[in-house]
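Chains as they are written, first to last, in our numbering: chain A, 261 to 459; chain B, 10 to 182.
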């Protein structure tokens, strides 16, 4: 009589485990954006905060479909398309200011323009993704300026995904104009394995 | 009744001691900052990078020096009669000295830039460690030890070293 109970408990345990989680679009977005789940990471320095968001293909699709009806086929085809790359957003926020991040601690306009040039056309060369056996150069880059509307800017970054298996990913930005140097973020394989599915 | 009062007083005293120990008394520790700095991964990486840049610049200087030496030998053999060679030597010598000065300054500037980056990150990660582990003060001592006496059990150098390198490598743990 005890054995069926044990099976029942085991079944309940398995069905409640994180790896089988299935969430709707809104919940899925919240899950990915929750720092506790290991896909959003922050590094804070004296003048700047760097926030890295890893964006799994499902997350991008969830954001696209959160306010409109998407069929299962549409979702699957879009996920398949997006899985060609590892997608990230790196947000750089200037602390204790409302001015745009590019203006933080600059000595003059020359430095401001130097920073603009760096972030719009040179920074992509300083972005790398380290996987278990590979170093991947940046394959997609877009810098979103805030034009003094906010103290932060976003870097939208993509790296070619050569292998589909899950592994630790180290995102590295060897910045050259803010005086901080190389900044690394490690997305653990464990965090990637816990990713829920979209209902 | 007296017994209950006595037990209550003892319990209150223990609770008070607990609060005093864990809340009121600041948590203090020290790190040997030289050791943490020397073993900091970013420091090792940038040191290697700087050596590479210096080596590259020294190669350029060596090549100019060799040209100068060849020309000097030639001038000596000609006993200084070829004025063209003499003026070329002067121009090249000036160029060499200018480059040597330029590279020296550039190397120093790069070393300063790297040192600033290393300290900026190192200080931040030690701050993160303090917050993470609930320390109120972390004293940075160097190999010269400015303290007359320190309790070795307060030495958190190894733990800080590990934390700092994990942080730099991007781990959130």
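From the three backbone atoms N, C-alpha and C, an ideal C-beta is built for every residue, glycine too.
These figures come from a predicted structure and were not determined experimentally.
Quickly, what does DSSP pair residue i with across the bridge? List them, please.
i, result
"residue 418 of chain A", "A:347, A:400"
"residue 444 of chain A", "A:432"
"residue 458 of chain A", "A:283"
"residue 300 of chain A", "A:313"
"residue 369 of chain A", "Bridge partners of residue 369 of chain A: none, in fact."
"residue 23 of chain B", "In the DSSP output, where bridge partners are listed per residue, residue 23 of chain B has none listed."
"residue 388 of chain A", "A:397, A:432"
Within 8 Å of any Cβ in chain A, is that where the Cβ of residue i sits?
i, result
"residue 141 of chain B", "no"
"residue 179 of chain B", "yes"
"residue 82 of chain B", "no"
"residue 184 of chain B", "Summary: the structure shown does not reach residue 184 of chain B, with chain B confined to residues 10 through 182, and so no result is reported for it."
"residue 99 of chain B", "no"
"residue 51 of chain B", "yes"
"residue 125 of chain B", "yes"
"residue 133 of chain B", "yes"
Determine whether the Cβ of residue i lies closer than 8 Å to any Cβ atom of chain B.
i, result
"residue 444 of chain A", "yes"
"residue 305 of chain A", "yes"
"residue 440 of chain A", "yes"
"residue 301 of chain A", "yes"
"residue 430 of chain A", "yes"
"residue 418 of chain A", "no"
"residue 272 of chain A", "Reliability of the predicted coordinates at residue 272 of chain A is poor, the pLDDT of 49 falling under 50, and no value is obtained from them."
"residue 455 of chain A", "no"
"residue 399 of chain A", "no"
Residue i to residue j, Cα distance in whole Å?
i, j, result
"residue 336 of chain A", "residue 343 of chain A", "10 Å"
"residue 286 of chain A", "residue 326 of chain A", "6 Å"
"residue 346 of chain A", "residue 20 of chain B", "58 Å"
"residue 12 of chain B", "residue 22 of chain B", "15 Å"
"residue 181 of chain B", "residue 136 of chain B", "15 Å"
"residue 225 of chain A", "residue 427 of chain A", "Missing from the structure shown is residue 225 of chain A; chain A here goes from 261 to 459 and no further."
"residue 130 of chain B", "residue 313 of chain A", "21 Å"
When we look at the beta-carbon of residue i and count the other beta-carbons within 10 Å, is it buried (16 or more) or exposed?
i, result
"residue 117 of chain B", "exposed"
"residue 316 of chain A", "buried"
"residue 51 of chain B", "buried"
"residue 143 of chain B", "exposed"
"residue 172 of chain B", "buried"
"residue 115 of chain B", "exposed"
"residue 355 of chain A", "exposed"
"residue 381 of chain A", "exposed"
"residue 38 of chain B", "buried"
"residue 440 of chain A", "buried"
"residue 403 of chain A", "buried"
"residue 445 of chain A", "buried"
Counting only C-beta atoms, is residue i closer than 8 Å to chain C at any point?
i, result
"residue 298 of chain A", "Note that chain C does not occur in the displayed structure, where the protein chains are A and B."
Where are the beta strand (DSSP E) runs, 3 residues long or more, that stay fully inside the stretch 36-115 of chain B, in chain order?
37-41
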